[in-house]
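Written out below as structure tokens is the structure these notes cover.
Protein chains: 2
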Amino acid sequence: MTEEGTNSPRPETAGDVAIDTGTLGKMMALLDIVAGSETAPRFTDILRRSRQPRGTLHRQLGHLVAEGLLAMRSDHSYELGIRLLKFASDSWARSEFRIVAEPHLKALHAATGETVHLALLRDAEIIYLDKVESRQAVRMSSQIGKASPAYCTGVGKACLSALSDEQLKALLKTMRFQRFTENTLGGPEALLSEVAEIRRTGHAFDREEHEVGIRCVAAPIGAADGGLVAGISVTGPAYRVEQPRLEAWAPLVRAAAGAIMTDMAIRFGPQRGVEP
Amino acid sequence: MTEEGTNSPRPETAGDVAIDTGTLGKMMALLDIVAGSETAPRFTDILRRSRQPRGTLHRQLGHLVAEGLLAMRSDHSYELGIRLLKFASDSWARSEFRIVAEPHLKALHAATGETVHLALLRDAEIIYLDKVESRQAVRMSSQIGKASPAYCTGVGKACLSALSDEQLKALLKTMRFQRFTENTLGGPEALLSEVAEIRRTGHAFDREEHEVGIRCVAAPIGAADGGLVAGISVTGPAYRVEQPRLEAWAPLVRAAAGAIMTDMAIRFGPQRGVEP
DNA sequence: AACAAAGTTCCACTATTCGGAAATAAATTT
DNA sequence: AAATTTATTTCCGAATAGTGGAACTTTGTT
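Protein chains in written order, with my numbering: chain U, 1 to 276; chain Y, 1001 to 1276.
As structure tokens, this is what we get:
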């Protein structure tokens, strides 16, 4: 039942005016439609959702398939192509940010024994960039690249707290508050007051707001120039990870986030005046 | 040094005439340039490799960045954007083929105790779609989506053996034979005779041809309609996995490949006459 | 401070995309 | 099995978006 509107109204980079990306933008919108469908859509399904003329859509899909961004199955339904996997693999392997963060994630995992995540803000979603855990019942790669709403996750709220008020305000307009558990924040007011608290303390909690039985502490990582908004978190099952324990870990998480920022500054730093 | 020519001369889908993908094709070529660079390239680097006018390139890169396919760092160098990660995650999670294959990969791993791979052929490369292993010294996600040349890997050669002679011939023209180890196949002749052998026996070996100390047995998976060419393999360190052992596993690998094909046929099958 | 190199903007020109309609192919019903 | 409906693919003049040379601005260097 994936209806219209699953695909965000493309606010592009938060805060900026959405620039027109022409043909490319249309192509990406099609990829979004395919990616956002529960089941592989057929030509007519895409036609309905894209509101484009038949001829146009047909050529566009043809190009997407020829480039390996989409694949057509034998029953004429479309799925995302494997070329995307290859790009993602390169992207992940080379991401300076992930590489810099990795040792700190491992240290945090060693100190806490629980799962550590690294995630990045994109529009009103966070995208998991890395995950460190010891006993992996669930498979790691199933998480990397996954997107979740910012307002109901620890890292997400931490990221939001690192934005400027204008950016945050702009993003709020694009958000749809869906209730995942009974603790999920219900609307903009609740989120804003939570963000204020996070700015004060420097860390965010997820008190079973996205998934029942899952809690976390997170801290924001914001590049000095505002070009990077990310966060790290320590996540665990509610039965094992009580609130006091989360609070005890908070300083560690903040310290790790700080260390990552420092390392990033060292690596890319001597560019534009760190000192005033 | 990643020089010109790293990016394949786009044979598109093997055997077919390369169709023009217009604007999209140009954009993807740019992504390829960024993905194929050792270090994040700056505007001028891309300018040199793309051989396009400055103004044009500038707008194109702007569009790619606006769409989240590329990201510009603070020093004006470009890296692949995280939107690609998100697409890849969706692609992977929903891939019917991977889902169908997964239990068979696990069974094969349980039977052999060694690492099992699932990979797909794309042009003259294979792309790893999945990996099952128990003790993971190396992190799993670092492999998924990775591309390797077909001619020097077990799954790669298995895939090639499933192609028609015309398709294989067309692909051969696009291949550049690079020597990775002293066992790497040196040219088209060696590859063709090896493919003949694989077609006869139904399985392929990698005798430390891609990496010293790594061996594997692989079997091809080809969809009836030729729309899917893939393979699975069991891989292990040379000191633990001797040739006799590989040969003993070959029937298991072939059986697993067969089972995956059967399951795919059942899942998508009742379409066009399975019975004559 | 002056120079050089890299990055960005502008706008007349042109190749690409658009989109309606008509042909073909695949399912479904009679 | 033929007819009907629905889905997919092809075509081509009109409209749009992309192109590319040159001028301009910023950044880094001698």
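Heads up, the beta-carbon is just placed ideally off N, CA and C, and yes, glycines get one too. This one's a predicted model, so the numbers in the text were calculated from it and none came from an experiment.
Sort out for me which residues DSSP pairs residue i with in a bridge.
i: U/F97; result: DSSP output for U/F97 lists no bridge partner at all.
i: Y/C1216; result: Y/D1206, Y/T1235
i: Y/I1046; result: Partner(s): none; Y/I1046 has no beta bridge.
i: U/M72; result: U/Y78
i: U/R122; result: U/E125
i: Y/K1146; result: Answer is none; Y/K1146 lacks a bridge partner.
i: U/A230; result: U/L120, U/I221
i: Y/D1130; result: Y/L1118
On the premise that residue j lies in contact with residue i, defined as a C-beta separation below 8 angstroms, what is that separation, rounded to the nearest angstrom?
i: U/A66; j: U/E79; result: No, U/A66 and U/E79 are not in contact; Cβ-Cβ is about 15 angstroms, not under 8 angstroms.
i: Y/F1177; j: Y/Y1151; result: 7 angstroms
i: U/L24; j: U/Q60; result: Wrong, their Cβ atoms sit about 11 angstroms apart, outside the cutoff.
i: Y/L1228; j: Y/F1097; result: 7 angstroms
For residue i, count neighbouring Cβ atoms within 10 angstroms of its own Cβ and tell me buried if that reaches 16, exposed if not.
i: U/V217; result: buried
i: Y/R1240; result: exposed
i: U/I127; result: buried
i: Y/Q1243; result: exposed
i: U/R122; result: buried
i: Y/R1215; result: buried
i: U/R54; result: exposed
i: U/D20; result: exposed
i: U/E125; result: buried
i: U/A257; result: buried
i: U/R254; result: buried
i: U/L184; result: At residue 184 of chain U the sequence reads Thr, which differs from the Leu that was named. With 16 or more Cβ atoms within 10 Å of its Cβ, U/T184 is classed as buried.
i: Y/G1222; result: buried
So, are the CB atoms of residue i and residue j less than 9 angstroms apart?
i: U/G156; j: U/S148; result: yes
i: U/P220; j: U/S161; result: yes
i: Y/G1231; j: U/F87; result: no
i: U/H203; j: U/A158; result: yes
i: Y/H1117; j: Y/S1233; result: yes
i: Y/T1174; j: Y/H1210; result: no
i: Y/L1172; j: U/I82; result: no
i: Y/I1266; j: Y/H1104; result: no
i: U/S77; j: U/A40; result: yes
i: U/E114; j: U/E133; result: yes
i: U/H63; j: Y/G1022; result: yes
Leaving out five residues on either side along the sequence, give the residues of the same chain with a beta carbon under 7 angstroms from the beta carbon of residue i.
i: Y/I1057; result: According to the sequence provided, residue 1057 of chain Y is Leu. The question's Ile does not apply to it. Closer than 7 angstroms at the Cβ level, and outside the excluded window around Y/L1057, lie I1046, L1047, S1050.
i: Y/G1213; result: P1237, A1238
i: U/L84; result: L69
i: U/D263; result: V100
i: Y/K1026; result: Q1060
i: Y/W1249; result: T1112, V1217, V1234
i: U/I198; result: K157, A158, S161, A204
i: U/L246; result: F205, R215, V217
Skipping 5 residues on each side, what residues in its chain have a beta carbon closer than 6 angstroms to that of residue i?
i: Y/Q1143; result: Y1128, K1131
i: U/P188; result: L172
i: Y/K1106; result: V1132
i: U/L191; result: Y151, L185
i: U/L108; result: V116, A256
For residue i, collect the residues of the same chain with a Cβ closer than 8 angstroms to its Cβ; drop the 5 residues on either side in sequence, then sort them by chain order.
i: Y/A1035; result: L1080
i: Y/V1195; result: K1157, L1160, S1161, L1168
i: Y/E1004; result: Low confidence applies here, because Y/E1004 scores a pLDDT of 36, under 50, leaving its location unreliable; read the following figure in that light. Closer than 8 angstroms at the Cβ level, and outside the excluded window around Y/E1004, lie R1049.
i: U/S95; result: L129
i: U/S141; result: The pLDDT assigned to U/S141 is 48, lower than 50, so where the model puts this residue is not dependable, and the model offers no usable value.
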